[in-house]
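This report refers to the structure that appears directly beneath it.
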Ligand code: PXG
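In my numbering, the protein residues as written are 1 to 458.
Dropping the structure here:
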C-alpha cells in the first residue's frame, strides 16, 4: 500500500504513535503533528498538501546537486541490480569504493590520499577519534590522548560524536562522555569580540585559546584539535581570516594533530572542493559525509593524512574497527555519479565566482536593513542572519531562540525553508541555486522578517 492511500492526519497519527524523531520534543510533536514532505524537484520540496517550499537548507546541509537527479537514481539502480552489497572486510573489495577512493584522493587537500568509509558523519568522527589515539599509541606515546574541541561544535550524535561536540544539552544527556575531551571558546566575533577589538585580533585571541588549553594539559598529553572550518549546526560561525592559520601554527608548534570536520563544508559549499582549500588549512584527518552523495545515499569518507596513514600501514597491524556498510557499493556508486555532476556542471566554480558573491550581496543588501537583523554573514553558499531586538547594542529578544523561531515559521509559511538555531537563522542552499533563486530566497526571507518583527514588537 502506498502513502497516497492515507490522509495527512492519518500519516501524522501513525507517525506520532510509532516514530521517535531525531532532536525532537516528542510530546510537542504529538500536539502539532509533523510536516510530511512527499517529493522534491530541483531546489523545491513539496509537502503532502501540495505546498511548494524553496529549500534553503539543501535537506540538512547535504543535497548539493538538488533534487530529482536521474543520474543518481540510475547509478543506484544499476549497482543494486549488479551487486547490491558486499563487504570490504577480510581482504575483499568491490569496484565502486575502489574507484571512489581514487577520485577522492585526486580532489583531496595535499598530503591526504587514503579514505575510510562509514555511513554517517558521526561514524566517521568516531573513526577519526580512534585513529588519532591509536596513531599516538603506535608512536609510543599513548599518553598523548586529549582532544581539544570547541563550545557549540557539532561532531555528531553517537557517544563519541556528542562528546567531541560542544553542545551542552547533548552533554547533559550523555550520562558519561568519552574521557579526555576538552572544549575551548569558539571564534564567534558577533557575541564574543570585545568592544573595539578588530576581527583580526579576535581571531588570534580565539586561536590562542587552543594554545592555552594545550599548555594547561601539557603538550605531551594532547593528541589533537578538532574543528569545523565553519561551525554549521552551531550557527554558521565564520571565523576571522586570522583564526585558522594561527590554529595551524599552534598545532604544529606543539605537535598536536589537526582534525577537520568538513561534514557540512565539504564538496563545494565554500567554493572549493573542501574548506581546507578555501582557507589554506592542512589537516591530518578530514571528516566528510552529507554532500558526498548529495544525501541520496548515506555515506561518509574520513580522509586520513599521510602521516597517520603510513604509521597505520607500517606499524599498525590490524586496526580493529569497521562497519558493515564501510564502502557500501551502492552508496559509493551514487557518490561517483554525484561528484561527476558537481564537476560536469561546474558547480564549485559557480559558487566561488558567481552565486557565492551574489548570495552575499543579495542577503546583505536586502536583509541588513531589517529592524531585527544584527548581522548578515556568508561564506560560499553558507549564510547566517542574527536576530536582535536592538541593532546597536545587539540585545536579543527575550526567550532564547523564540524570535528566530518566529522568523522561521513565517518563512516556511511563505514558501521558504530555513533553520533557526538559538537566535541565528541559517542557510545552506543547494549549489544549483542561480541568481534568480537567490533573489527569490532573499525576497521571501525579507517578508518573513517583516512579519516577525511586527509580531515581536507588538
Ligand atoms: N559533523 C558535522 C560538522 C555535522 O554537521 C555531523 C558531523 C554528523 O553527521 P551525521 O551524518 O552523523 O548526522 C554533522 C551533522 C542541524 C543538524 O541541526 C546538523 C547535522 C545533523 C543534524 C542536524 O543543523 N550535522
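Where is the CB? At the ideal position from N, CA and C, for every residue including glycine.
| query | result |
| --- | --- |
| Closest by CA to residue 371, which one among 408, 399, 296, 457? | 457 |
| For residue 142, count neighbouring C-beta atoms within 10 Å of its own C-beta (all shown protein chains included) and say buried if the count is 16 or more, exposed if not. | exposed |
| Sorry if obvious, but does the Cβ on residue 261 come closer than 7 Å to a heavy atom of ligand 1? | yes |
| Tell me whether residue 450 sits in a helix, a strand or coil according to DSSP, three-state version. | helix |
| Could you name the residues of the same chain whose beta carbon sits closer than 6 Å to that of residue 375, not counting the 5 residues immediately before and after it, in chain order? | 190, 386 |
| With hydrogens ignored, establish whether the beta-carbon of residue 157 is closer than 7 Å to any heavy atom of ligand 1. | yes |
| Please classify residue 225: does DSSP put it in a helix, a strand, or coil? | strand |
| Using DSSP with H/G/I as helix, E/B as strand and the rest coil, what is residue 230? | coil |
| Which runs of the alpha helix (DSSP H) fall wholly inside the stretch 312-379 and span at least 4 residues, in chain order? | 329-344, 347-350, 356-367 |
| Confirm, please, whether the CB-CB distance from residue 303 to residue 286 is below 8 Å. | yes |
| Going by beta carbon distance, what residues of the same chain come within less than 8 Å of residue 212, once the five residues before and after it are set aside? | 184 |
| Hey, how far is the Cα of residue 155 from the Cα of residue 27? | 26 Å |
| Measure the alpha-carbon distance for residue 231 versus residue 102 and round it to whole angstroms. | 29 Å |
| Note the first and the last residue of the continuous alpha helix (DSSP H) segment covering residue 10. | 8-18 |
| Could you check if residue 497 is buried or exposed, using at least 16 other CB atoms within 10 Å of its CB as the buried criterion? | Within the shown structure, residues of the chain are numbered from 1 to 458, placing residue 497 beyond reach of any answer. |
| Which residues mark the beginning and the end of the alpha helix (DSSP H) in which residue 408 is found? | 402-413 |
| With DSSP run on the structure shown, which of helix, strand or coil describes residue 397? | coil |
| Any chance the CB of residue 291 is under 7 Å from a heavy atom of ligand 1? | no |
| Let me know the secondary structure DSSP gives residue 423 once reduced to three states. | coil |
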